[in-house]
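For reference, the structure discussed in these notes is given below.
Numbering (this note's numbering), first residue to last: 1 to 195.
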């Protein structure tokens, strides 16, 4: 499974690129735009082909999901710890984020999957994950109920390594959106996993 997380900032032709990625086999898109207004979020959603709405995951404005038949919601670690997600159990498909194996192994099956980061030094957040050894921690995974999606510093050169180490999926952010050719970068990553 390959997921893409949007850039926090708006990118030129972003929704066109997103639609093309879905046509090329993108599994899920996490829409993480913490600085945009509700109206901007609605407009963003309207520019994505409706056939792909079941593959969208909202990181905010979760109530917009009802209007757009989007049933996937993502909750940050802080929101999970605060219990904010609980009213959505059974009504939505939930995902979350963790930053160590102990926390991941303790997740309950209300979560379809969790991001596990940073597995490599981040591309989008300079300096983040420089000393990360999380790729090594994958061997200590005991939780098979919740899919583990590796995140952080993943690109076309190392994406296969996360699957070889036991991840169920990989999430791309900086490799795609910091590229001059986001669609081609995604296609290369996907091709490397498939081959």
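Note that the Cβ used here is the ideal one computed from N, Cα and C, for glycine as well.
Could you check whether the segment 179-187 touches the segment 157-165, counting it as contact only if at least three pairs of C-beta atoms, one from each stretch, sit closer than 8 Å?
no
Would you mind stating whether residue 88 and residue 107 have Cβ atoms separated by less than 7 Å? For the purposes of this step, residue 88 is taken as the residue at position 88 of the chain shown. For the purposes of this step, residue 107 is taken as the residue at position 107 of the chain shown. The answer is no: Cβ separation not under 7 Å.
* Can you tell which of 55, 21 and 99 has its C-alpha closest to the C-alpha of residue 69? -> Position 69 of the chain shown holds residue 69. Looking at the Cα atoms, 55 is the closest of the given residues.
Practice item. Express the C-alpha separation of residue 14 and residue 121 in angstroms, rounding to a whole number. Key: Numbered from its first residue, the chain shown carries residue 121 at position 121. Numbered from its first residue, the chain shown carries residue 14 at position 14. Straight-line Cα distance between these residues: approximately 25 Å.
Return the first residue and the last residue of the beta strand (DSSP E) that residue 72 is part of.
-> Against the chain shown, residue 72 aligns to sequence position 72. From DSSP, the beta strand (DSSP E) with residue 72 extends over 72-75.
Which runs of the beta strand (DSSP E) at least 3 residues long sit entirely within the segment 83-108? Give them in chain order. 93-98
task: Note down the Cα distance separating residue 189 from residue 90, rounded to an integer number of angstroms.
output: Start at 1 with the first residue of the chain shown, and residue 189 comes out as number 189. Start at 1 with the first residue of the chain shown, and residue 90 comes out as number 90. Straight-line Cα distance between these residues: approximately 33 Å.
With 16 as the cutoff for other CB atoms within 10 Å, does residue 166 come out buried or exposed?
-> Within the chain shown, the letter at position 166 stands for residue 166. Flag for residue 166 reads exposed.
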